[in-house]
Amino acid sequence: MVPCQGTNEHTKDFEFSIKIPDGYALSEYELNADVTLNTDQLICVAKPCELQEQDESYPVYGVRLQGKLSMLASFSPVHNQYGQGTAAISKFHTIPINQIIYYTSTQTIYYDFNQITVESMTVTESLNENTLIINGVLSLMQEHSDLDVYAFTANQNDNTLSVIDTSRMILLQPISLSYPPDKIAITPDKAYTFVLHSNDNAVTMISNDTLSVITVFSIDRANDIGFSPNSQTVYILSGVSGTITVIDMETQVILNTISLTGSGFSSIAIDPNGQFAYIVNSLAWSILIVDLNLAEIVVVQPSTSDYPYLIEIDPFGSFAYILGEVPLGGSTIKIFDLSSFTFIDAALFSNHLDSFLSFSPNQSIAILGAQKSDEIYIIDTSQHEVIGSFSIDNPGSAAFTPDGDFIYISQQEQNTVTVLSAVDFTLIAVIPVGASPISITI
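Counting in this note's numbering, the sequence shown runs from 709 upward without gaps.
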């Protein structure tokens, strides 16, 4: 495969001149410019190449913007020799473009020509020739907008987070961590990412705006995390010590520690109202319900699952799904009605010890997978039943994009993230990431 040629350039310079008609002049005190762009003669093409970064290289597609951009520039007011009139002068200018604007892991092109804008423009008047000289810069891509959505993988063997821009499926600069990561989660407003380092008694907080570490909290053996729906409060579960550490996001300080009494707590989920936390205990075979306003346990519910180890709440807020280990092998999923604090009759079974359950944000669909199995099950959450399955090598963790269009699945042994369509579960891209991506979040 040929090496990638050129860097991804997001701007294009332009220059042209426009003659002011004899007998006319521009106002000395006021100049208005109006620019209209036409992109009909531009195309994007994706060609495979080998991208070299530091000590490694990997196959990508270079997306090249090429063709001609048409620009109609008008300047006003123009007056006659007596200072009368408010006319305008215009010029049609063509700007040739032929440059790589980004690299991506998929041949599918995600580019909106409407994002091409005039970033800056200066107008200089040449009095001797009665001519305007126009210099400017086109912005070909909008960067770091409020709509940026990132996928993060926690890479256990190189102490990094891989960062993927999901709008173009581009791998960005990784974020270095002080300790090996075990699990990763993102706040509901997508502003911050938290990384758990259970063996090192630490939790790292990342700003998704700057893609950098803000602070590291000292928390004993953190093994799961939940957030209030308004993203103002973080609840970090320490299963061994039997505590929930409460962090205020505005001040970034620890507010409180809620005691659960005992140990063996494996997973936490916060209800959509932010009132209750649901915690499963794999040793006591129970579910604890904690009133977060009172900071105390209000219900201890025996679990109908053997060794419950994972709890997730569907995005529509009606049910909690509890994964439990079956002693002879495999796992069960029991469904807990949050309105009545009781289990419903529906139950799902798997021949494997499932490691993740991920919900679509806008459809009644969830996917269930196990790291030691290549099979992922599709669950209809409105009917509480498995409706299909698909295969992927060594799935370890999964997350849907906020629009529900794509699923990102980390593969720990392959050091990759596979992107699937959430509509028909077809392959979209395979993105190389850091060493041993154990967890993913979007």
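A virtual CB, placed ideally from N, CA and C, is assigned to each residue, including glycine. Since we're looking at a predicted model, the values are computed, not measured.
- request: Keeping to the same chain, check which residues put their C-beta closer than 6 Å to that of N806; ignore five residues upstream and five downstream.
  value: Looking up residue 806 in the sequence shown gives position 98. Hits under 6 Å: Q774.
query: Is the Cβ-Cβ distance between S1081 and H1060 less than 8 Å?
result: Mapped onto the sequence shown, residue 1081 falls at position 373. Mapped onto the sequence shown, residue 1060 falls at position 352. Against a cut-off of 8 Å, the Cβ pair of H1060 and S1081 comes out as a contact.
query: Closest by CA to C752, which one among N931, I817, G793?
result: For this step, residue 752 is matched to residue 44 along the sequence shown. Cα-wise, what sits closest to C752 is I817.
task: Would you kindly work out how many angstroms separate the C-alpha atoms of A754 and M877, rounded to a whole number?
output: Taking the first residue of the sequence shown as position 1, residue 754 is located at position 46. Taking the first residue of the sequence shown as position 1, residue 877 is located at position 169. Cα-Cα distance, rounded: 13 Å.
- prompt: Going by alpha carbons, who is nearest to T918 out of I803, I978, V857?
  reply: Residue 918 sits at position 210 when you count from the first residue of the sequence shown. Nearest of I803, I978, V857 to T918, Cα basis: V857.
query: Hey, is the stretch 1004-1012 in contact with the stretch 1030-1048, meaning 3+ C-beta pairs nearer than 8 Å?
result: yes
message: Just to check my reading of the structure: V845 and T719 have Cβ atoms closer than 8 Å, yes? What is that Cβ distance to the nearest angstrom?
response: If you number the sequence shown from 1, residue 845 lands on position 137. If you number the sequence shown from 1, residue 719 lands on position 11. So it is a contact: roughly 5 Å between Cβ atoms.
- request: For K659, I'd like the list of residues in its chain whose CB is within less than 6 Å of its CB, leaving aside the five on either flank, ordered along the chain.
  value: It is not possible to answer for residue 659, since the shown part of the chain is limited to 709 through 1150.
task: Using DSSP bridges, identify the partner residues of H801.
output: Looking up residue 801 in the sequence shown gives position 93. BP columns for H801 point to M779.
field: Boundaries of the beta strand (DSSP E) in which H905 is found, first to last residue
entry: The residue you call residue 905 lines up with position 197 of the sequence shown. Element bounds for H905: 900-905.
task: Kindly list the residues whose CB is nearer than 8 Å to the CB of E717, restricted to its own chain and excluding five residues on each side of it in sequence; keep chain order.
output: The residue labelled residue 717 in the question sits at position 9 within the sequence shown. These residues qualify, in order along the chain: Q807, I808, I809, L848.
query: Should the stretch 1044-1051 be regarded as contacting the stretch 1066-1086, the criterion being three or more beta carbon pairs within less than 8 Å?
result: no
message: Would G1142 and N907 be called neighbours here (beta carbons separated by less than 8 Å)?
response: Sequence index remark: in the sequence shown, residue 1142 carries index 434 (1-based). Sequence index remark: in the sequence shown, residue 907 carries index 199 (1-based). Not closer than 8 Å, so no.
Assigned secondary structure, Q749 (DSSP; H/G/I helix, E/B strand, else coil): As a working note, residue 749 is residue 41 in the sequence shown. Strand, per DSSP.
query: Between I978, D979, I944, T874, which lies nearest to I966 when the distance is taken from Cα to Cα?
result: Position 258 of the sequence shown holds residue 966. Nearest option by C-alpha distance: I944.
- request: Decide if N1152 is buried, meaning its Cβ has at least 16 other Cβ atoms within 10 Å, or exposed.
  value: Shown here, the chain extends from 709 to 1150; a query on residue 1152 therefore has no answer.
query: Quick one: what's got a C-beta closer than 8 Å to C712's C-beta in the same chain, skipping five residues either side?
result: Your numbering for residue 712 matches position 4 in the sequence shown. Contacts found: C757, E758, L759, Q760, V768, G770, I808, Y811.
message: Let me check understanding here. Comparing Cα to Cα, which of T814, D1113, S926 lies closest to F1133?
response: Residue mapping note: residue 1133 aligns to position 425 of the sequence shown, counting from 1. Nearest C-alpha to F1133: D1113.
Counted within 10 angstroms of its Cβ, other Cβ atoms place F722 as buried (16 or more) or exposed: Locating residue 722 in the sequence shown gives position 14, counting from the first residue. With 16 or more other Cβ atoms within 10 Å, it is buried.
message: In whole angstroms, give me the CA-to-CA distance for I1019 and T1040.
response: What you label residue 1019 is simply residue 311 of the sequence shown in a count that begins at 1. What you label residue 1040 is simply residue 332 of the sequence shown in a count that begins at 1. Each residue's alpha carbon lies about 12 Å from the other.
- request: With L963 as the anchor, note down where its beta strand (DSSP E) starts and where it stops.
  value: Residue mapping note: residue 963 aligns to position 255 of the sequence shown, counting from 1. Note, L963: beta strand (DSSP E), 961-967.
message: I'd like to check one pair, F1064 with A1106: are the Cβ atoms closer than 8 Å?
response: Your numbering for residue 1106 matches position 398 in the sequence shown. Your numbering for residue 1064 matches position 356 in the sequence shown. Contact flag set, yes.
Contact set for A1054: own chain, Cβ-Cβ below 7 Å, skip 5 residues either direction: Taking the first residue of the sequence shown as 1, we reach residue 1054 at position 346. Only I1043, H1092 meet the Cβ criterion.
- request: Can you tell me the Cβ-Cβ gap for P1023 and S990, rounded? I've got them flagged as a contact below 8 Å.
  value: Against the sequence shown, residue 1023 aligns to sequence position 315. Against the sequence shown, residue 990 aligns to sequence position 282. Not a contact, Cβ separation roughly 25 Å.
query: Would you call the CB atoms of A985 and V998 closer than 8 Å?
result: Position 277 of the sequence shown, counting from 1, holds the residue named residue 985. Position 290 of the sequence shown, counting from 1, holds the residue named residue 998. Taking 8 Å as the Cβ cut-off, A985 and V998 qualify as a contacting pair.
First through last residue of the beta strand (DSSP E) which encompasses I927: Numbered from its first residue, the sequence shown carries residue 927 at position 219. Note, I927: premise wrong, no beta strand (DSSP E); not H, not E.
query: With a CB to CB cut of under 6 Å and the five nearest residues on each side skipped, what residues in its chain are close to W993?
result: Position 285 of the sequence shown holds residue 993. The answer, listed in chain order, is S1011.
- request: Provide the residue span of the beta strand (DSSP E) that contains E1033, from first to last.
  value: The residue labelled residue 1033 in the question sits at position 325 within the sequence shown. From DSSP, the beta strand (DSSP E) with E1033 extends over 1027-1033.
query: Is it true that the CB of T861 sits closer than 8 Å to the CB of I1148?
result: Against the sequence shown, residue 1148 aligns to sequence position 440. Against the sequence shown, residue 861 aligns to sequence position 153. Contact: yes.
- request: Report the option in I1073, T1109, D1111 whose CA atom is closest to the CA atom of S1097.
  value: Here residue 1097 is taken as the residue at index 389 of the sequence shown, counted from 1. With distances taken between Cα atoms, S1097 lies closest to I1073.
field: L1135 versus A859: straight-line alpha-carbon distance, rounded
entry: In the sequence shown, residue 1135 corresponds to position 427, counting from 1. In the sequence shown, residue 859 corresponds to position 151, counting from 1. Taking the straight line joining both Cα atoms gives about 17 Å.
task: In the DSSP assignment, find the beta strand (DSSP E) that holds K720 and state where it starts and stops.
output: Counting from one through the sequence shown, the residue named residue 720 turns up at place 12. Here the beta strand (DSSP E) through K720 covers 719-727.
Cβ-based burial, D1101 [other Cβ within 10 Å; buried from 16]: On the sequence shown, residue 1101 is found 393 positions in, with the first residue counted as 1. The residue is exposed, with fewer than 16 neighbouring Cβ atoms inside 10 Å.
- request: Look at the Cβ atom of Q850, then the Cβ atom of Q823, and state whether they are nearer than 8 Å.
  value: Position 142 of the sequence shown, counted from the start, is the residue given in the question as residue 850. Position 115 of the sequence shown, counted from the start, is the residue given in the question as residue 823. The answer is yes: Cβ separation under 8 Å.
query: For T839, does the count of other Cβ atoms within 10 angstroms reach 16, so buried, or fall short, so exposed?
result: In the sequence shown, the residue the question calls residue 839 occupies position 131. So T839 ends up on the exposed side.
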